[in-house]
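For reference, each letter of the sequence shown is one residue, going 2 to 391 in our numbering.
Notes to accompany the following structure.
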Amino acid sequence: MNARQLAQQHLAPTSFAPTGLHIVRASGSYLYEVSGKQLLDLIGGISVCNVGHSHPRVIEAIQQQAAQFLHVMVYGEVVQTPQASYAATLAAHLPPSLDCIFFTTSGAEAVEGAIKLSRRVTGRPGIIGARRSYHGATTGALALMGDEYWKGPFRPLLPGVRQYAYGSQELMNAIDADTACVVLEPVQAEAGINGPFPEWMQAVAQRCRETGTLLVLDEIQTGFGRTGTLWAFEQLGIVPDILMLGKALGGGMPMGAFVASQVLMHQLADNPVLGHLTTFGGHPVCCAAGEAAFRVLLEEDIVPTVFRKEALFREWLQHPAIREVRSIGLLMAVQLDSAEAVQQCLQKCAAAGLFSDWFLFAADCIRIAPPLTISESEIREACRLLCRCL
Ligand SMILES: Cc1ncc(COP(=O)(O)O)c(C=O)c1O
2 MNARQLAQQH
12 LAPTSFAPTG
22 LHIVRASGSY
32 LYEVSGKQLL
42 DLIGGISVCN
52 VGHSHPRVIE
62 AIQQQAAQFL
72 HVMVYGEVVQ
82 TPQASYAATL
92 AAHLPPSLDC
102 IFFTTSGAEA
112 VEGAIKLSRR
122 VTGRPGIIGA
132 RRSYHGATTG
142 ALALMGDEYW
152 KGPFRPLLPG
162 VRQYAYGSQE
172 LMNAIDADTA
182 CVVLEPVQAE
192 AGINGPFPEW
202 MQAVAQRCRE
212 TGTLLVLDEI
222 QTGFGRTGTL
232 WAFEQLGIVP
242 DILMLGKALG
252 GGMPMGAFVA
262 SQVLMHQLAD
272 NPVLGHLTTF
282 GGHPVCCAAG
292 EAAFRVLLEE
302 DIVPTVFRKE
312 ALFREWLQHP
322 AIREVRSIGL
332 LMAVQLDSAE
342 AVQQCLQKCA
352 AAGLFSDWFL
362 FAADCIRIAP
372 PLTISESEIR
382 EACRLLCRCL
């Protein structure tokens with residue numbers, strides 16, 4: 002049996018319509034199928050591969066760390082240079098109030114940690130989120146999932162969660178003295194790019210301050226230059242109390258993090274001691290890879306190119322079937338007439354050598370979130386292929 006047949010027989014499916022592509026290599030902006038066919042990658046592993054696939058400095062960092070040690074002890078109990086070094090590097094590029102980092106193994110686990118920290122610090126039960134949000138698939142994060150279709154079958158979920166429309170006065174009014182935290186994305190990614198609404202976000206932050214509520218921002222998809230600034234919150238004029246990171250954080254390795262001030266974070270180590278735990282969070286190889294990718298992002302001046310690349314996509318994506326293009330940096334949604342039109346187009350794209358996807362809450366949109374290193378000629382080729390498939 003070949004790998005595709007083995008996968009069909011023994012791997013749990015997430016849907017009954019997977020792409021069926023069998024990728025054996027990836028480099029820069031391209032994926033390579035077992036047949037040798039290449040695909041221009043417009044989604045970068047869902048906003049993970051911001052510095053391109055298999056960047057040599059990331060691979061070298063992984064190899065060097067793997068040759069030294071892999072797992073030695075559960076998180077937090079021994080000093081591991083890659084963890085300490087990456088935490089310090091991240092903190093140096095965050096506001097002073099976000100100087101303490103808890104590394105996890107995934108984005109969803111960062112969400113769980115942030116929820117726990119909020120409840121521990123405030124002693125309050127309430128959590129407010131937005132409809133059409135995606136924060137992960139574990140049961141706590143799922144309670145914040147934006148729509149009943151996706152979470153209904155798994156109820157009962159975390160109690161105390163209330164959701165309102167993103168950008169609404171209703172959400173703001175709901176923040177009160179029982180609210181531990183408000184959990185929001187800086188821009189709703191899976192809603193097919195909804196926002197950003199800087200004034201609304203500033204008003205939410207103000208309401209949080211007035212009520213002693215923590216503002217928790219999910220930059221798992223928007224962080225690391227995706228939206229044109231290193232962090233999307235820079236474009237919103239706010240600083241969250243807790244920041245959640247993931248995806249590009251690990252440079253292609255599995256990683257998440259929640260970040261807060263030392264004053265907040267130290268409370269997770271007390272009453273109870275070991276308030277949050279993980280065996281593999283901050284794995285040394287993931288930290289080494291993540292820090293290498295972060296340094297590439299900064300040293301190769303990749304983030305300042307993002308707005309120009311966004312403009313090129315917008316200029317070259319011209320077709321009568323496109324209803325609207327919504328974007329913030331290289332996080333873009335191309336709206337068509339229907340979900341069927343999107344699926345047809347995606348299939349044609351894959352056949353033509355272009356890899357893209359849709360959005361959980363916007364099935365009538367094509368996702369464009371390529372590696373941020375995508376070149377201008379690759380953008381032109383992507384737009385040409387996409388328009389041809391439309
Ligand atoms: C905004 C956002 N938050 C959280 C998550 C969950 O991250 P993970 O899949 O690493 O658990 C995702 C994943 O797509 C996401 O897009």
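Backbone N, C-alpha and C define an ideal beta-carbon position, used for all residues, glycine too.
Screening all residues for a C-beta within a distance smaller than 5 Å of any heavy atom in ligand 1 leaves SER107, GLY108, ALA109, HIS136, GLY137, ASP219, ILE221, GLN222, GLY247, in chain order. DSSP lists GLU34 as the bridge partner or partners of ILE24. Check the Cα spacing between LEU246 and each of ALA88, ILE63, VAL73: the tightest is with ALA88. DSSP places ARG120 in the uninterrupted alpha helix (DSSP H) bounded by 108 to 123. From the listed residues ALA27, GLN189, LEU40, TYR150, the smallest Cα separation to TYR135 is found for GLN189.
Bounds of any beta strand (DSSP E) do not take in VAL49, whose DSSP letter is neither H nor E. For TRP359, the three-state secondary structure derived from DSSP is strand. A direct Cα-to-Cα measurement between LEU373 and ALA363 gives close to 23 Å.
Within the region 138 to 163, the runs of alpha helix (DSSP H) that reach at least 4 residues and sit entirely inside it are, in chain order, 140 to 144, 149 to 152.
Within its own chain, the residues whose Cβ lies closer than 7 Å to the Cβ of TRP232, once the five positions on either side in sequence are excluded, are GLU220, GLY224, listed in chain order. Listed in chain order, the non-local C-beta contacts of VAL343 below 8 Å within the same chain comprise LEU337, TRP359, ALA364, ASP365, CYS366, ILE367, local neighbours out to five positions each way being set aside.
Contact check between the region 279 to 296 and the region 172 to 184: fewer than three CB pairs, one atom from each, fall below 8 Å, which does not count as touching. Non-local C-beta neighbours of VAL260 in its own chain, meaning closer than 6 Å and more than five positions away in sequence, comprise LEU99, ILE102, LEU244, ordered along the chain. Counting every other CB atom within 10 Å of its CB across the protein chains shown gives ASN195 a total of 16 or more, marking it as buried.
Restricting attention to LEU313, VAL73, LEU22, GLN268, the CA atom closest to the CA of THR123 is found in GLN268. With a cutoff of 8 Å on beta-carbon distance, ALA249 and ASN3 are scored as not near each other. Using a Cβ distance threshold of 8 Å, THR20 and ALA370 do not count as a contacting pair. The DSSP-derived three-state label of ARG327 is strand. DSSP places LEU269 in the helix class (H, G or I) of the three-state scheme. Under the 8 Å Cβ criterion, the region 326 to 335 does not count as touching the region 4 to 13, having fewer than three qualifying pairs. Between GLU110 and GLY252, the C-beta spacing is not below 8 Å.
For GLN65, the enclosing alpha helix (DSSP H) stretches over residues 57 to 69. Its chain contains ASN51, VAL52, PHE225, GLY226, VAL304 as the residues whose beta carbon lies nearer than 7 Å to that of LEU298, once the 5 sequence neighbours on both sides are disregarded; these appear in chain order. With fewer than 16 other CB atoms across the displayed protein chains lying within 10 angstroms of its CB, ALA13 is exposed. DSSP, reduced to helix, strand and coil, places ALA8 within a helical segment of the structure shown.
Under the three-state reduction of DSSP, THR180 is assigned to strand. Cβ neighbours of CYS384 within its own chain (closer than 7 Å, five residues either side excluded): PHE314, TRP317, LEU318.
From the listed residues THR180, PRO57, TYR31, LEU218, the smallest Cα separation to GLY45 is found for TYR31. Counting along the chain, the unbroken alpha helix (DSSP H) around ALA175 starts and ends at 170 to 175. The Cβ-Cβ distance between MET202 and ILE239 falls below 8 Å.
When only Cα atoms are considered, ALA293 and THR280 end up about 23 Å apart. The Cβ atoms of ASP242 and LEU215 sit closer than 8 Å to each other. In this structure, DSSP gives THR15 a state outside helix and strand, which the three-state scheme calls coil. Distance from the CA atom of ALA270 to the CA atom of PRO97, rounded to whole angstroms, is 21 Å.
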